[in-house]
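First residue of the sequence shown? That's 4 in my numbering, and the numbers climb one at a time after it. Even for Gly, the Cβ is constructed at its ideal location relative to N, Cα and C. Computed from a predicted model, the values in this text were never measured in an experiment. Worksheet: the structure to be examined is printed underneath.
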Amino acid sequence: MKLSALYKDLKDTLGSALEARMILDDYAGVRWDDILTEPERELPQSTLDQIEEIKNRRLSGEPLSRIAGEREFYGRIFALGTDTLDPRPDTEILIEAALKACTSPPKSILDLGTGTGCILITLLSEWQESQGIGVDLAQGAIDVAQKNAERHGVKDRATFIQSNWWESVGGTFDLIVSNPPYIPNQDIANLEIEVKNHDPILALDGGNDGYDAYKIIFSQLKKRLNQGGTALFEIGIGQCGYISRLAEESGFHVNAIHPDLAGIPRVVEISCGDKQKKIDGVA
Ligand code: GLN
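The following block contains the structure:
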């Protein structure tokens, strides 16, 4: 089969020119320029067979990132595992918000429900002096996160521990971050097949109302976040009001709500309320 015909077949069958190009790039080393300049080029049968297999897996709902076993996040490549969420561009909002919120690099970072480790590892890569702990209930996620930390040269500053949220976590932190499971469990059946069949349920299911994980997180946040510290949480659609109230009732000040690329409130940024009260008092 000629390159131009292969490209057309992939594009039409998958309904995505972008994915067709990504497959040709990743599995045949063919770039967009090659498709334009050498449309008559024939590819070896073994490459065609492999691309056919990738196409069929993709057609059955498996995301390309899962097929490749890795995903780019904030400019770095992270390995995925069956116990990790597939990092989303939305979560990059949390990284940008953290980098802006911390005027000086935090000494200690805690990432609750770390998965691939993409949040913690990205922050440690951006702040060379910081140390961090990543927590996950799934040992499979811990193993993947450790490998990712090694890959990105931060393994000496990152500790990953298997823990049910706070259970095995000691100490206090300057920055606490989390992208916890927040999908209400009755909504899981309606998620896209790419999500519900390929992301681990543990990383998605936020209980009856979607807030189970946040309730546990906030139950200990006050004694775990250092005075003057910041915490940032990814939230689901429509959860901004509840989480802001939960934060305020737990003694925090809501500094900012950061929208995602679609304009949906996606990241809640909070700090210790005490500090804010003092500032208010002076003013
Ligand atoms: N952002 C994911 C989704 O919308 C869910 C991740 C999560 O629950 N933290 O599918």
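Residue burial classification, residue i (beta-carbon count within 10 angstroms, cutoff 16)
{"i": "GLY350", "result": "Nothing can be reported for residue 350: it is not among the residues displayed for the chain, which extend from 4 to 286."}
{"i": "TRP35", "result": "exposed"}
{"i": "PHE255", "result": "buried"}
{"i": "THR117", "result": "buried"}
{"i": "LEU9", "result": "buried"}
{"i": "GLU272", "result": "buried"}
{"i": "GLY213", "result": "buried"}
{"i": "PRO184", "result": "buried"}
{"i": "SER291", "result": "Nothing about residue 291 can be read from this structure; the chain reaches only from 4 to 286."}
{"i": "ASP159", "result": "exposed"}
{"i": "LEU115", "result": "buried"}
{"i": "THR106", "result": "exposed"}
{"i": "GLY241", "result": "exposed"}
{"i": "ASN151", "result": "buried"}
{"i": "ALA265", "result": "exposed"}
{"i": "GLY232", "result": "buried"}
{"i": "LEU207", "result": "buried"}
{"i": "LEU21", "result": "exposed"}
{"i": "ASP177", "result": "buried"}
{"i": "ARG248", "result": "exposed"}
{"i": "GLY284", "result": "Note that GLY284 scores 41 on pLDDT, short of 50, meaning its location in the model is unreliable and no value can be drawn from it."}
{"i": "LEU194", "result": "exposed"}
{"i": "CYS275", "result": "buried"}
{"i": "ILE204", "result": "exposed"}
{"i": "HIS90", "result": "The identity of residue 90 in the sequence shown is Pro, whereas the question assumes His. Buried, because 16 or more other Cβ atoms sit within 10 Å of the Cβ of PRO90."}
Coil, strand or helix - residue i by DSSP
{"i": "GLN53", "result": "helix"}
{"i": "CYS105", "result": "coil"}
{"i": "ASP114", "result": "strand"}
{"i": "LYS14", "result": "helix"}
{"i": "VAL198", "result": "helix"}
{"i": "ASP215", "result": "helix"}
{"i": "VAL172", "result": "coil"}
{"i": "SER302", "result": "Here the chain comprises residues numbered 4 to 286, so residue 302 is not present and cannot be evaluated."}
First through last residue of the beta strand (DSSP E) which encompasses residue i
{"i": "ARG160", "result": "Premise fails: ARG160 is in no beta strand (DSSP E) and is neither H nor E."}
Whole-Å CB distance - residue i paired with residue j, under 8 Å assumed
{"i": "LEU2", "j": "ASP202", "result": "For residue 2 there is no data in the structure shown, the boundaries of the chain being 4 and 286."}
{"i": "ILE122", "j": "THR162", "result": "Not really, about 15 Å apart at Cβ, beyond 8 Å."}
{"i": "GLY135", "j": "SER171", "result": "Not a contact, Cβ separation roughly 15 Å."}
{"i": "THR16", "j": "LYS58", "result": "6 Å"}
{"i": "ILE179", "j": "ARG227", "result": "7 Å"}
{"i": "SER133", "j": "PRO109", "result": "6 Å"}
{"i": "PHE236", "j": "SER181", "result": "5 Å"}
{"i": "ILE98", "j": "TYR77", "result": "5 Å"}
Extent of the continuous alpha helix (DSSP H) run through residue i
{"i": "ILE204", "result": "204-207"}
Minimum length 3: unbroken beta strand (DSSP E) runs contained in the segment 41-101: The qualifying runs are 73-76 and 79-82.
Pick out the complete alpha helix (DSSP H) segments inside the segment 18-42, 4 residues or longer, and give them in chain order. 20-31 and 35-40
In chain order, which alpha helix (DSSP H) runs of at least 4 residues are fully inside the segment 223-281? 243-252
Could you tell me which uninterrupted beta strand (DSSP E) segments, each at least 3 residues in length, are contained entirely in the segment 114-145, listed from first to last along the chain? 134-139
Tell me which residues pass a beta-carbon proximity test against the ligand ATP: closer than 7 Å to any heavy atom, given in chain order. The ligand ATP is not part of this structure, which contains only the ligand GLN.
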